[in-house]
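**Q** My questions will all concern the structure given below.
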Ligand SMILES: [Zn+2]
């Protein structure tokens, strides 16, 4: 009898979700390394000398490395004790600006599955995979799992429209799709399928846990949609174009962005233009990510008597958002408080350009 832990060399085919969209380099794309990450030590799998213990305790079978804490949390909820999980990102970083480090490469090298967002979300991931030198984790390999399969993307550029002039990120559509909890249901499905292929012995357990996870997310989405219904149509300004999935799900409207283009820092003139937009549209709340400049956001918000609020763009970006579900609870309640505090709690009466 063998321990369920295996090296990747013993893995059977499967795990790769095609989609065909991942790893395409956008025009002018570059890995804009800025933030250094530290990682927790990789989870310890079953040592050879502990085979009996491993079997008796049903220890982890599949070693998973995810790019983000959100993907790690979803994998944990579905995989339970049958997976060892590590995430490259810790949470507060900008997904567009993570530095691929040798320690990350070692982490990936130990993985059976590499789970990522696809598209051009993690421009640093190809460097990690190259450094890990593990063929099955490369695009097209059995262990490369692109969870964007099945997601209806927003802001997909028309053919020929994706150029550096539009910013050098989001070249295939907006990558922040996990900020709609119902997209978490789709991502969970992709992860479940990958886990089943990687560890067929626990397929039933993965499926059962997935069904519970999906039910929890649908309940959460329904509950928070009811919570935000009184604020339908309320307007906000966003810092980065992180929030279209979140705002659409909960009935809110972004009227401007602090970044002039995705990934581009604002100058004084653009900040002044944002203030004008807020005045013209009777908007009082600015949403800023954990890694972006709160002072820039506040400089705009305070000039119209409003507030800048930091929301969790990623699981563990803020301590209050330490699971995928808590991220939504925290963001919705924080946003509602800001809308209430700035007198923008109710649907504005004056339409803005573009309103139906
Ligand atoms: Zn982005």
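Residue numbers (our numbering): 12 to 367. The beta-carbon is built from N, C-alpha and C at its ideal position, and this holds for glycine as well.
1) Measure the C-alpha to C-alpha separation of residue 168 and residue 257 and round it to an integer number of angstroms.
2) Keeping to the same chain, check which residues put their C-beta closer than 6 Å to that of residue 211; ignore five residues upstream and five downstream.
3) When we look at the beta-carbon of residue 306 and count the other beta-carbons within 10 Å, is it buried (16 or more) or exposed?
4) Is any heavy atom of ligand 1 found at a distance shorter than 7 Å from the C-beta of residue 8?
5) For residue 196, which three-state DSSP category applies?
6) By the 10 Å Cβ neighbour count, where 16 or more other Cβ atoms means buried, how is residue 192 classified, buried or exposed?
7) Jot down the residue ranges of each uninterrupted beta strand (DSSP E) in the segment 240-316, minimum 3 residues, whole runs only, in chain order.
8) Ignore the nearest five residues each way along the sequence and tell me which others in residue 327's own chain have a CB closer than 7 Å to its CB.
9) Run through the DSSP bridge pairs and tell me what residue 318 is partnered with.
10) Which two residues bound the contiguous alpha helix (DSSP H) that contains residue 114?
11) Can you determine whether any heavy atom of ligand 1 sits closer than 7 Å to the C-beta of residue 253, and answer yes or no?
12) At a cut-off of 7 Å, is residue 211 close to ligand 1 when judged by its beta-carbon and the heavy atoms of the ligand?
13) Counting only the same chain and skipping the five closest in sequence on each side, list residues whose C-beta sits under 6 Å from that of residue 185.
14) With a threshold of 7 Å on Cβ separation, who are the neighbours of residue 309 within its own chain once the five nearest residues in sequence on each side are excluded?
15) Strictly under 8 Å for the Cβ-Cβ distance: is residue 274 near chain C by that measure?
16) If I'm right that residue 346 touches residue 329 with Cβ under 8 Å, what's the distance once you round it to whole angstroms?
17) Residue range of the alpha helix (DSSP H) that residue 346 falls in?
18) Please classify residue 88 as buried or exposed, where buried requires at least 16 other C-beta atoms within 10 Å of its C-beta.
19) What does the alpha-carbon distance come out to for the pair residue 107 and residue 115?
20) Using the Cα positions of residue 262 and residue 234, report the straight-line distance between them to the nearest angstrom.
21) How about residue 154 and residue 123: do their beta carbons lie closer than 8 Å?
22) So residue 82 is in the beta strand (DSSP E); what residue range does that whole segment cover?
23) Sort out for me which residues DSSP pairs residue 76 with in a bridge.
24) Pull up the distance between the alpha-carbon of residue 259 and that of residue 244, whole angstroms please.
25) When every heavy atom of ligand 1 is checked, does at least one fall within less than 7 Å of the C-beta of residue 273?
26) Relative to the alpha-carbon of residue 276, which residue among 90, 204, 302 and 126 has its alpha-carbon at the smallest distance?
27) With distances taken between CB atoms, is the gap from residue 202 to residue 156 smaller than 8 Å?
28) Can you find the residues in the same chain that come closer than 6 Å, C-beta to C-beta, to residue 82, ignoring five residues on each side of it along the sequence?
29) I'd like the list of long-range same chain contacts for residue 55, defined as Cβ closer than 6 Å, with 5 residues on each side in sequence excluded.
**A** Taking the structure as given:
1) For the purposes of this step, residue 168 is taken as the residue at position 157 of the chain shown. For the purposes of this step, residue 257 is taken as the residue at position 246 of the chain shown. Approximately 20 Å, taken between the alpha carbons.
2) Here the question's residue 211 lines up with position 200 in the chain shown. If we look at residue 211 and ignore the five residues flanking it on each side, it has no Cβ neighbours.
3) If you number the chain shown from 1, residue 306 lands on position 295. Exposed, since its Cβ has fewer than 16 Cβ neighbours within 10 Å.
4) Any answer about residue 8 is impossible in this case: the structure gives the chain only from 12 up to 367.
5) Residue numbering aside, residue 196 sits at position 185 when the chain shown is read from its first letter. Reduced to three states, the DSSP call for residue 196 is helix.
6) Taking the first residue of the chain shown as 1, we reach residue 192 at position 181. Classified as buried, residue 192 has 16 or more neighbouring CB atoms from the shown chains inside 10 Å of its CB.
7) The segment 240-316 contains these whole beta strand (DSSP E) runs: 246-249, 264-268 and 296-299.
8) For the purposes of this step, residue 327 is identified with residue 316 of the chain shown, where counting begins at 1. Counting only residues of its own chain and dropping the five nearest sequence neighbours on each side, residue 327 has a CB closer than 7 Å to the CB of 80, 101, 102 and 333.
9) For the purposes of this step, residue 318 is identified with residue 307 of the chain shown, where counting begins at 1. Note: residue 318 sits in a beta bridge opposite 296.
10) Numbered from 1 along the chain shown, position 103 holds the residue referred to as residue 114. Start and end: 113-120.
11) To locate residue 253, count along the chain shown from 1; it is residue 242. Indeed, a heavy atom of ligand 1 lies less than 7 Å from the Cβ.
12) As a first step, residue 211 is located in the chain shown; it is residue number 200 there, counting from the start. Checking the Cβ of residue 211 against ligand 1 gives no.
13) Mapped onto the chain shown, residue 185 falls at position 174. Counting only Cβ-Cβ distances below 6 Å, and skipping sequence neighbours, we find 165, 166 and 255.
14) Start at 1 with the first residue of the chain shown, and residue 309 comes out as number 298. The residues are 319.
15) Absence of chain C from the displayed structure is noted, only one protein chain being present.
16) On the chain shown, residue 346 is found 335 positions in, with the first residue counted as 1. On the chain shown, residue 329 is found 318 positions in, with the first residue counted as 1. Contact check for residue 346 and residue 329: beta-carbon distance about 13 Å, past the 8 Å limit, so the pair fails to qualify.
17) Here residue 346 refers to the residue found at position 335 when the chain shown is read from its first residue. Residues 335-352.
18) On the chain shown, residue 88 is found 77 positions in, with the first residue counted as 1. With a threshold of 16 other beta carbon atoms within 10 Å, residue 88 meets it and is buried.
19) Position 96 of the chain shown holds residue 107. Position 104 of the chain shown holds residue 115. Each residue's alpha carbon lies about 16 Å from the other.
20) By one-based count along the chain shown, residue 262 stands at place 251. By one-based count along the chain shown, residue 234 stands at place 223. Across the structure, residue 262 and residue 234 are spaced so that their CA atoms are roughly 13 Å apart.
21) Residue 154 sits at position 143 when you count from the first residue of the chain shown. Residue 123 sits at position 112 when you count from the first residue of the chain shown. Contact: yes.
22) Taking the chain shown and counting its residues from 1, the one referred to as residue 82 is at position 71. Per DSSP, residue 82 belongs to no beta strand (DSSP E); it is in the alpha helix (DSSP H), 80-90.
23) What you label residue 76 is simply residue 65 of the chain shown in a count that begins at 1. Partner(s): 97 and 125.
24) Looking up residue 259 in the chain shown gives position 248. Looking up residue 244 in the chain shown gives position 233. Roughly 10 Å separates the two Cα atoms.
25) By 1-based counting over the chain shown, the position of residue 273 is 262. Yes, the beta carbon of residue 273 sits closer than 7 Å to at least one heavy atom of ligand 1.
26) Mapped onto the chain shown, residue 276 falls at position 265. If we check each option's Cα against that of residue 276, 302 comes out closest.
27) Taking the chain shown and counting its residues from 1, one reaches residue 202 at position 191. Taking the chain shown and counting its residues from 1, one reaches residue 156 at position 145. Closer than 8 Å, so yes.
28) In the chain shown, residue 82 corresponds to position 71, counting from 1. Around residue 82, the same chain offers 126 as residues with beta carbons nearer than 6 Å, after the five sequence neighbours per side are excluded.
29) On the chain shown, position 44 is the one that residue 55 refers to. Model confidence at residue 55 stands at a pLDDT of 37, short of 50, so the residue's coordinates are unreliable; what they give is reported in the following sentence. Result list for residue 55: empty, nothing under 6 Å.
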